[in-house]
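Here is the structure we will look at.
In the numbering used here, the protein residues as written are 2 to 233.
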């Protein structure tokens, strides 16, 4: 009994990939709920995928209020939130369905145009994997962990940091659930494909400069390659 909540804000151009990854699971979740938090770019999806549920907000609530509102409506035993720009491996729900603990974590495959940014963000925590990067999250928090709904509802989504940039609302869940004795298991498989792309940076002004630096670096590399090829 798992509900997967697909959370979107300006990811309408990527969301179909995420939805397809859930509809093509070896075992489908009990419910798939798609929530657009005021991005206003997902109106085309109900016609394409009428078999899932939708909440298309006209105004942005912000991550914490949006997630808290959705969590309060979940009635399945477990819930898992996933960003609409990411996707799950095709057997993820089947493996997660065997869970009996309060929290289930699993490993992450970091992919996408700007995947190498993760090397600066969490230095030394990833290893090369089939052209992408493998991030071991055994018994560690991440934003798409699966947790027992009633336990999560008791704790709630709240801001852990007050910088106004990265609320990291799911850290509050993780920390408080552990404090209250939550049981945790980990699946030693890369079940989540975490896409790093330009929109990740554009949402947060403090990361925009990093994206520009990456683009500048790529442009310089291409220019150098052209010089070398031209002189060859």
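Heads up, the beta-carbon is just placed ideally off N, CA and C, and yes, glycines get one too.
In this structure, residue 13 sits near residue 43, with a CB-CB distance shorter than 8 angstroms.
With fewer than 16 neighbouring CB atoms inside 10 Å of its own CB, residue 2 falls in the exposed class. Each of 193, 195, 188, 198 was checked against the Cα of residue 96, and the nearest Cα belongs to 188. Under DSSP, residue 84 forms a beta bridge with 8.
For residue 123, there is no enclosing alpha helix (DSSP H), as DSSP gives it neither H nor E. Pairing residue 62 with residue 37, the inter-Cα distance amounts to about 10 angstroms. Shortest Cα-Cα distance from residue 186 to any of 157, 142, 113 involves 142.
Sequence-distant Cβ neighbours of residue 69 in its own chain, meaning closer than 7 angstroms and more than five residues away, are 157, 158. Under the three-state reduction of DSSP, residue 144 is assigned to coil, being neither helix nor strand.
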